[in-house]
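Residues in the sequence shown are numbered consecutively from 61, following the working numbering.
Just so you know, even glycine gets a beta-carbon here, dropped at the ideal spot from N, CA and C.
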Amino acid sequence: MDQPTDSFDGVTVKHEPIQPKTSGFSLIELLVCVGIIGILISLLMPTLHNARRSAMKTRCMSNVRQLAMAWSAFPADNNNKIVYGMPDDNKGWVKRGSGMAPIKGGKLYQYIDSTEVWHCEEDKAGNTRSYSITAPMHGEKWDAHLSNPNDSWAQFGTDDFAEIINAEKQLVMLEEMDMRGWNVGSWIMYARASRKY
């Protein structure tokens, strides 16, 4: 079979027949690539998950830090009195109830002015607020139990910031786990060996 030719100004050009080019991956090459990608993803997923959890924990610790700073600033504006650690509609750090309104109506909101700080992303309970103030820091009073030396519910507490001894060792904020959506009280700790804060 003769190849087609063209002549231009006495020059003859021969045309090669067009042959289809074979390119791309064979089935085996494609399966190997998919397998390698699958292995890489399975190796990266735990690392990405751990990085995400670490970032959430960092944000939650930042939230507690901001709340503690607001808690520490409150006495300077209120004759050295610690904010009431119970949910209370008149004087509480938050008001009673669930949702954002009790947070915004509470005494500490003016120092933070952000509802995001009150919730930890790792809190899967569905609560709007993830934190509570401990009983000794002007929370729920259990002083009546102190008359019984065997009563483990005895709590020492104070409402005066100046009475706090060893402030760097005291718990102020804790994560709450109240399934009602908000903590009706504050955290009670077994404090038989404790002394007044």
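| Based on the DSSP secondary-structure assignment, which residues constitute the bridge partners of residue 97? | Under DSSP, residue 97 forms no beta bridge with any residue.
| Under the DSSP definition of a beta bridge, which residues are partnered with residue 152? | The partner list for residue 152 (beta bridge, DSSP) reads 144.
| Proximity below 8 Å, CB of residue 179 to CB of residue 144 | Residue 144 sits away from residue 179, with the two beta carbons spaced by 8 Å or more.
| query | Between the Cα of residue 177 and the Cα atoms of 194, 230, 157 and 119, which residue gives the shortest distance? | reply | The candidate whose alpha carbon is nearest that of residue 177 is 119.
| query | If you check the beta carbons only, do residue 131 and residue 232 fall under 8 Å apart? | reply | A contact, by the Cβ cut-off of 8 Å.
| Backbone secondary structure at residue 158 - three-state DSSP | It is coil, neither helix nor strand.
| Measuring CA to CA, which of 219, 103 and 169 is closest to residue 140? | Between residue 140 and the set 219, 103 and 169, the nearest pair of CA atoms involves 219.
| request: Name the one or two DSSP bridge partners that residue 193 has. | output: According to DSSP, which records beta bridges pairwise, residue 193 is partnered with 233.
| said: Check whether the stretch 101-114 and the stretch 166-173 touch, using three or more Cβ-Cβ pairs below 8 Å as the test. | reply: Flag = no, the stretch 101-114 and the stretch 166-173 do not touch.
| said: Tell me the DSSP secondary structure of residue 137 in three-state form. | reply: In the three-state scheme derived from DSSP, where H, G and I count as helix and E and B as strand, residue 137 is classed as helix.
| field | Residue(s) in a DSSP beta bridge with residue 118 | value | By DSSP's assignment, residue 118 forms no beta bridge with any residue.
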